[in-house]
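Each number in this note's numbering corresponds to the 1-based position in the sequence shown with 8 added. To start, the structure under review is shown below, and the notes come after it.
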Amino acid sequence: MICRALASMVFCGAALSAAAAEDAPLWEGYWSPNAAWCARAGDVGEQTPDWYGREGLFGLEWSCDIAAVSETGVGNSWALKLQCLDAGYAYSDAQILLVTPDDRLQIIDENGFAADLVRCAAPQD
9 MICRALASMV FCGAALSAAA AEDAPLWEGY WSPNAAWCAR AGDVGEQTPD WYGREGLFGL
69 EWSCDIAAVS ETGVGNSWAL KLQCLDAGYA YSDAQILLVT PDDRLQIIDE NGFAADLVRC
129 AAPQD
């Protein structure tokens, strides 16, 4: 009986951990500097939103693989270490992402560049 209860607890704990790992980070989604571009979420081309997700950051002619993510200790903010490619040029970058209470994404990179992005709805299949 104790073994069965213990096995159930281990299985349930593993299932809950797997479910938590599957949860998308708050910053995952389509983001744009211009809300009008949100109508083209999921498209590829100029004036389309960029995708920020666990698998990386993707925009027009650029992408970044995420080498590391850590919480900053300030609510709804994360520090990212990135390996990027932009028009054939490879570089490393570090960014801080902050999701604001009004669901905007503010980004500051290691060079002081700042962006203020609006969240776009995911495209309908």
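Ideal placement from N, C-alpha and C gives every residue a C-beta, glycine not left out.
Check, Outcome
"Taking DSSP as the reference, what is the three-state secondary structure of A75?", "strand"
"Using the C-alpha atoms, what's the distance from A102 back to L51?", "Note on residue identity: the sequence assigns Asp, not Leu, to residue 51. So the two alpha carbons sit approximately 27 angstroms from each other."
"What is the DSSP secondary structure of W45, counted as helix, strand or coil?", "helix"
"Could you tell me which of Q114, P41 and R48 sits nearest to S85, measuring between CA atoms?", "Q114"
"Buried or exposed for G96, please, with buried defined as at least 16 other CB atoms from any protein chain shown within 10 angstroms of its CB.", "exposed"
"How is the alpha helix (DSSP H) around E30 delimited, first residue to last?", "I10 to E30"
"Just curious, the beta strand (DSSP E) that A98 is in, first and last residue?", "Y97 to V107"
"Return the first residue and the last residue of the beta strand (DSSP E) that D58 is part of.", "D58 to G61"
"Indicate whether D58 and G64 have their beta-carbon atoms separated by less than 7 angstroms.", "no"
"May I have the straight-line CA-CA distance separating F66 from N119, to the nearest angstrom?", "19 angstroms"
"How many angstroms separate the CA atom of G53 from the CA atom of A32?", "25 angstroms"
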